[in-house]
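These notes concern the structure reproduced below.
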Amino acid sequence: MARLTPEQLEQKIHAVLREQPLRPAPRSLEARVRGEIARRQALPWWHRSYACWPQPIKLTFLVVATGLAAAMLLLFMPVLGVVSGDALRQIFQPISGVVHTLRAASSALLGLVTPTVPEISSTYLYGGLAIISGAYAVMLGLGATAYRVLWQHR
Amino acid sequence: MNDETPVQSNPAGNMTPVDFTTFMRNYQDMVYSTAVRLLGNDAQAQDISQEVFLKAYERYNDLGTSPTAGGWLKTVTTNLSINHLQRYRKRWSFFSDLVRRDRDGEDSREVEFAAPDGDFLADLNQGDRRAWVERALEELPDHQRVPLVLYHFEDLPYDEIARQLGVSLSKIKTDILRGRTALAQILMRSGTAHETLTAQR
Numbered sequence: 006m007a008r009l010t011p012e013q014l015e016q017k018i019h020a021v022l023r024e025q026p027l028r029p030a031p032r033s034l035e036a037r038v039r040g041e042i043a044r045r046q047a048l049p050w051w052h053r054s055y056a057c058w059p060q061p062i063k064l065t066f067l068v069v070a071t072g073l074a075a076a077m078l079l080l081f082m083p084v085l086g087v088v089s090g091d092a093l094r095q096i097f098q099p100i101s102g103v104v105h106t107l108r109a110a111s112s113a114l115l116g117l118v119t120p121t122v123p124e125i126s127s128t129y130l131y132g133g134l135a136i137i138s139g140a141y142a143v144m145l146g147l148g149a150t151a152y153r154v155l156w157q158h159r
Numbered sequence: 057m058n059d060e061t062p063v064q065s066n067p068a069g070n071m072t073p074v075d076f077t078t079f080m081r082n083y084q085d086m087v088y089s090t091a092v093r094l095l096g097n098d099a100q101a102q103d104i105s106q107e108v109f110l111k112a113y114e115r116y117n118d119l120g121t122s123p124t125a126g127g128w129l130k131t132v133t134t135n136l137s138i139n140h141l142q143r144y145r146k147r148w149s150f151f152s153d154l155v156r157r158d159r160d161g162e163d164s165r166e167v168e169f170a171a172p173d174g175d176f177l178a179d180l181n182q183g184d185r186r187a188w189v190e191r192a193l194e195e196l197p198d199h200q201r202v203p204l205v206l207y208h209f210e211d212l213p214y215d216e217i218a219r220q221l222g223v224s225l226s227k228i229k230t231d232i233l234r235g236r237t238a239l240a241q242i243l244m245r246s247g248t249a250h251e252t253l254t255a256q257r
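Sequences listed follow chains U and Y, in order.
Sequence positions in the first sequence follow our numbering and run 6 to 159.
Sequence positions in the second sequence follow our numbering and run 57 to 257.
Shown next as structure tokens:
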């Protein structure tokens, strides 16, 4: 009958485990990985992650998403009373020229934000943030639900 | 271990990319062994191994020529296996806590084995030893097997294991000690049942 201290036990177990050779991977693993790679490569770009999207699509998405975010902000400004509709129209007036669209949009945004920031009360600020956060959460929730319902079980 | 299998290199020491199939063949035993030891389940280990190699494929431009590819694969395999266990078996720490409360005070005792020198599996040949140890590891509960494997196979210190598993240092030490004792007892039983194993094959 042998009595082992915890230290002796550690040494013995370590020796037994470390002499274990590697377990050979099943032969099917390689085929599984290659099959999954092929399946993923066959997917259209919109079913892959953003990192795998083609470069022009990525750029377009960024421009559109930024534009949408800016438009949302501008739409909420009059609702929150931060800026009047007339002021908004004045801001958008320079955008009428096709050539200067992007330039005008950025200056409009800057012109809108710079003078009004100090006047925004904290209530409106937090209200706006809450609305944006809520909209974002709803969008995520709807997206996840739609994915699970419409796509995951296909 | 093919953990050390190098990426092909020319005499000047510059790494040259190997094709992904060769890369996979070099490392698949290491990845699978790491996963199966941590998970204790063949099917889940295959799923994790597949996921690891899919991640490797996504960044193969960097990994294909990297001398640290083996380490990267091992780390990803370990992390994915632990995530898998924590996602699907959150109860393991709860049950481990219950067991610890029941058996407080037993940890510093000497462990008694019914064999001279406590030498388990001494009579078995290499193939049988491997089979018995694998089976014994699979028999351990998750909360003992995972820290035991991380400590003895991956050479992680106690505090790092505690950090990775999100449990206290004392609990990790207790779980590892109990894991060793349980493993030794299973192996001891296995050694005396040598004939049974031989007959089963």
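Glycine included, C-beta positions come from ideal geometry on N, C-alpha and C.
Any chain Y beta carbon closer than 9 Å to residue i
i, result
"Val143(U)", "no"
"Pro49(U)", "no"
"Leu22(U)", "yes"
"Lys63(U)", "no"
"Ala149(U)", "no"
"Arg37(U)", "yes"
"Gln25(U)", "yes"
"Arg28(U)", "yes"
"Arg45(U)", "yes"
"Ile42(U)", "yes"
"Ser33(U)", "yes"
Three-state secondary structure assigned by DSSP to residue i
i, result
"Leu64(U)", "helix"
"Val108(Y)", "helix"
"Glu190(Y)", "helix"
"Gln16(U)", "helix"
"Thr128(U)", "helix"
"Trp51(U)", "helix"
"Asn97(Y)", "coil"
"Gln84(Y)", "helix"
"Arg115(Y)", "coil"
"Gly120(Y)", "coil"
"Pro203(Y)", "helix"
"Asn181(Y)", "coil"
"Gln25(U)", "coil"
"Val223(Y)", "coil"
"Arg44(U)", "helix"
"Phe81(U)", "helix"
"Arg39(U)", "helix"
"Arg32(U)", "coil"
"Glu195(Y)", "helix"
"Leu239(Y)", "helix"
"Leu79(Y)", "A small fix is needed here, since residue 79(Y) is Phe in this sequence, not Leu. Phe79(Y) falls in the helix class under three-state DSSP."
"Leu201(U)", "The structure shown has nothing for residue 201(U), since chain U only spans 6 to 159."
"Trp58(U)", "coil"
"Glu210(Y)", "coil"
CB-CB length for residue i against residue j, believed under 8 Å
i, j, result
"Val189(Y)", "Leu141(Y)", "That pair is no contact at about 20 Å."
"Met86(Y)", "Gly126(Y)", "7 Å"
"Leu27(U)", "Ser89(Y)", "4 Å"
"Leu325(Y)", "Tyr214(Y)", "Nothing can be reported for residue 325(Y): it is not among the residues displayed for chain Y, which extend from 57 to 257."
"His199(Y)", "Leu22(U)", "Rounded, the Cβ-Cβ distance is 18 Å, inconsistent with contact."
"Ala240(Y)", "Leu134(U)", "At roughly 59 Å, the Cβ-Cβ gap does not stay under 8 Å, so Ala240(Y) and Leu134(U) are not in contact."
C-beta neighbour in chain U for residue i, strict 9 Å
i, result
"His140(Y)", "no"
"Arg143(Y)", "no"
"Asp98(Y)", "yes"
"Glu190(Y)", "yes"
"Val92(Y)", "yes"
"Leu243(Y)", "yes"
"Gln200(Y)", "no"
"Tyr214(Y)", "no"
"Asp85(Y)", "yes"
"Thr77(Y)", "yes"
"Thr54(Y)", "Lying outside 57 to 257, the shown extent of chain Y, residue 54(Y) is not represented and no answer is given."
"Ala125(Y)", "no"
"Glu60(Y)", "Note on Glu60(Y): pLDDT 43, under 50, position unreliable in the model; the coordinate value appears next. No, Glu60(Y) lies away from the interface with chain U (no Cβ there is under 9 Å from its Cβ)."
"Gln102(Y)", "yes"
"Thr121(Y)", "no"
"Ser105(Y)", "yes"
"Ser89(Y)", "yes"
"Arg136(Y)", "Sequence check: residue 136(Y) is Leu here, not Arg. Judged by the 9 Å Cβ criterion, Leu136(Y) is not in contact with chain U."
Residue i: CB within 8 Å of a non-hydrogen atom of the ligand ZN
i, result
"Leu48(U)", "Here there are no bound small molecules, and the ligand ZN is not part of this structure."
Assigned exposure category for residue i - 16 Cβ within 10 Å defines buried
i, result
"Arg191(Y)", "exposed"
"Val205(Y)", "buried"
"Asp91(U)", "exposed"
"Leu221(Y)", "buried"
"Arg234(Y)", "buried"
"Ala76(U)", "exposed"
"Thr150(U)", "exposed"
"Leu52(U)", "This sequence places His at residue 52(U); Leu is not what is there. Per the 10 Å Cβ criterion, exposed."
"Asp75(Y)", "exposed"
"Ala20(U)", "exposed"
"Leu115(U)", "exposed"
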